[in-house]
Every structure is written in C-alpha cells, then in structure tokens.
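What follows is a short report on a single structure.
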Amino acid sequence: MNTTDAKRILETALICAQQPLALRDLSVLFNGGLAADSLKLVLADLQNDWSERGVELVHVASGWRFQSRPEMREYLDRLQPEKPPRYSRATLETLAIIAYRQPVTRGDMEDIRGVTINSLLLKQLEDRGWIEVIGHRETVGRPALYATTRQFLDDLGVESLAGLPAMGSTPAQLAKLEQFELGMLEVPGSAYAAIEPELHAPIIFGDLASDAGKSSPSDPQ
43 MNTTDAKRIL
53 ETALICAQQP
63 LALRDLSVLF
73 NGGLAADSLK
83 LVLADLQNDW
93 SERGVELVHV
103 ASGWRFQSRP
113 EMREYLDRLQ
123 PEKPPRYSRA
133 TLETLAIIAY
143 RQPVTRGDME
153 DIRGVTINSL
163 LLKQLEDRGW
173 IEVIGHRETV
183 GRPALYATTR
193 QFLDDLGVES
203 LAGLPAMGST
213 PAQLAKLEQF
223 ELGMLEVPGS
233 AYAAIEPELH
243 APIIFGDLAS
253 DAGKSSPSDP
263 Q
C-alpha cells in the first residue's frame with residue numbers, strides 16, 4: 043500500500059473516531075500489514091499535511107486524535123455563546139496540586155492550600171475522570187493517595203505529565219496554567235453549585251513543578 047492511501051485511511055479513521063486511537067488500534071486498519079515504525083512515519087506525514095489548518099493531529103496519552111487548534115477557540119465559542127460555568131478556582135488549585143505533586147493525600151492538599159478541601163470537590167474531579175485513588179499511604183488511617191488519570195492528560199491535550207507547563211511561585215506563572223486549561227474546565231451549573239464558594243483563597247505553589255519528578259508516578263504509556 044502506498045503512503046497516499048495509508049494517509050487517507052488513517053485520516054478517515056481518526057476524524058470519525060469518538061476517542062483517541064492508539065497505534066495498536068490504527069494497525070488493525072491494515073490487518074497488521076503496516077509496521078509500527080512505518081505507521082509512525084505516515085502519522086508524522088499526516089501531521090505535516092494539517093500543519094497550516096485550523097485542526098491539528100496530536101498525540102495524547104491514549105493515542106492519536108484530531109482537535110481544533112487553541113487559536114481557533116475564539117471563533118468556535120461564537121457557535122455556543124451561552125456556556126456553563128467553569129470550575130471554581132479552588133477546584134483548579136486542587137487539580138494543579140494533584141497534577142504536580144502526585145501521589146498526594148487530601149491532607150497534603152490541605153497543607154499546601156492552607157484550607158480545608160470539600161470532599162465534594164474531590165468527588166467532582168473523580169466523576170469527571172481526571173483523578174483517581176491509586177493506593178493508600180501506610181500511616182495512621184491509611185489515607186487515600188490521589189493521582190491524575192490518562193483522561194486528564196487527554197483532555198488537557200498532552201501526551202504525558204512532562205507536557206504540563208512549568209509553574210513556579212508567581213501569579214503570572216499560575217496564570218499560564220489557567221490559560222493552558224482554558225476551554226476544557228467547564229461543568230454543569232448544578233455540579234458547580236455543589237462546590238463551596240469560600241474555597242477561593244489564593245495559593246502559592248512554590249516549586250511544585252520542579253518537585254514533580256521526585257514524587258510523581260510513572261507517566262501512563
């Protein structure tokens with residue numbers, strides 16, 4: 043099979059797919075007749091074909107998918123002028139703590155934020171599929187250890203934890219993370235209402251990003 047035909051097949055499958063497709067899934071399209079290395083070369087070629095368009099082919103944690111480019115969101119938003127409320131700042135801060143310091147317990151999060159974390163907040167993130175319990179710390183009470191999921195990476199549009207933006211202790215750097223999350227952190231109004239509004243205290247993250255490699259589990263493959 044020539045490259046042109048292979049690209050057409052991959053392009054069609056990826057555009058029609060409802061979720062990212064891993065290499066093993068894409069290989070099925072060719073009955074295993076296209077080696078993994080050759081498949082990657084065709085995907086790279088396909089990426090290049092779409093490099094000047096409003097949609098791009100990206101590799102996220104679960105596989106390959108087409109998605110709109112960030113600069114197109116301004117225009118796509120005009121199709122849906124009424125948007126559901128976004129997650130509260132408390133939710134974003136808690137999610138960032140888990141992402142950069144995982145695995146962490148609820149007590150760890152509260153120590154970093156300096157306030158009590160509503161259990162509904164954690165449940166909301168679990169229900170969204172962004173965090174999960176991966177074990178328990180061997181200490182008094184055996185508190186649950188939380189980490190982010192592959193779904194979190196997919197929704198954020200990155201392949202691994204290494205793709206998260208570097209973040210230090212300044213408000214400007216925190217704003218970078220919020221900009222990075224723009225557009226995906228939306229929830230139904232009823233879910234938003236369940237989060238206590240007083241949990242909006244500012245947070246100083248310190249060197250969470252630089253410490254992430256010391257405490258994070260292996261990135262999902």
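In our numbering, the protein residues as written are 43 to 263.
Built from N, CA and C at the ideal position, the CB exists for glycine as well.
This one's a predicted model, so the numbers in the text were calculated from it and none came from an experiment.
For residue i, three-class secondary structure by DSSP
| i | result |
| --- | --- |
| Glu34 | No answer is possible for residue 34: the residues shown for the chain start at 43 and end at 263. |
| Ala189 | strand |
| Val182 | coil |
| Ser104 | coil |
| Glu201 | coil |
| Asn90 | helix |
| Ile140 | helix |
| Ala77 | coil |
| Gln166 | helix |
| Leu206 | coil |
| Ser130 | coil |
Beta-bridge partners of residue i, as assigned by DSSP
| i | result |
| --- | --- |
| Ile173 | Thr190 |
| Glu98 | Gln109 |
| Val84 | DSSP output for Val84 lists no bridge partner at all. |
Residue environment, residue i, which counts as buried when at least 16 other CB atoms sit within 10 Å
| i | result |
| --- | --- |
| Tyr286 | Past the boundaries of the shown model lies residue 286; the chain is included only from 43 to 263, so the question cannot be answered. |
| Pro145 | buried |
| Leu327 | No statement about residue 327 is possible, as the shown extent of the chain runs from 43 to 263 and does not include it. |
| Ile140 | buried |
| Val200 | buried |
| Pro62 | buried |
| Met43 | exposed |
| Gln166 | buried |
| Pro213 | Confidence is the limiting factor: at Pro213 the pLDDT is only 45, short of 50, which leaves the residue's position unreliable and the question unanswerable from this model. |
| Ile57 | exposed |
| Leu121 | exposed |
| Leu118 | exposed |
Sequence-distant residues of its chain with Cβ nearer than 7 Å to residue i (five each side left out)
| i | result |
| --- | --- |
| Arg179 | Thr147, Pro185 and Leu187 |
| Asp67 | Gly105 |
| Gly171 | Thr191 and Gln193 |
| Thr158 | Glu152 |
Residue i - containing alpha helix (DSSP H), residue span
| i | result |
| --- | --- |
| Thr46 | Thr45 to Cys58 |
| Ser69 | Leu65 to Val70 |
| Met151 | Arg148 to Arg155 |
| Arg115 | Arg115 to Leu118 |
Beta-carbon contacts of residue i that lie in its chain and below 8 Å, excluding the five residues immediately before and after
| i | result |
| --- | --- |
| Pro239 | Residue placement at Pro239 cannot be trusted, given a pLDDT of 33 that sits under 50; what the coordinates show is reported in the next sentence. The answer, listed in chain order, is Ser130. |
| Trp92 | Glu98, Leu99 and Phe108 |
| Lys49 | Val84, Asp87, Leu88 and Asp91 |
Sequence-distant residues of its chain with Cβ nearer than 6 Å to residue i (five each side left out)
| i | result |
| --- | --- |
| Leu134 | none |
| Met114 | Gly96 |
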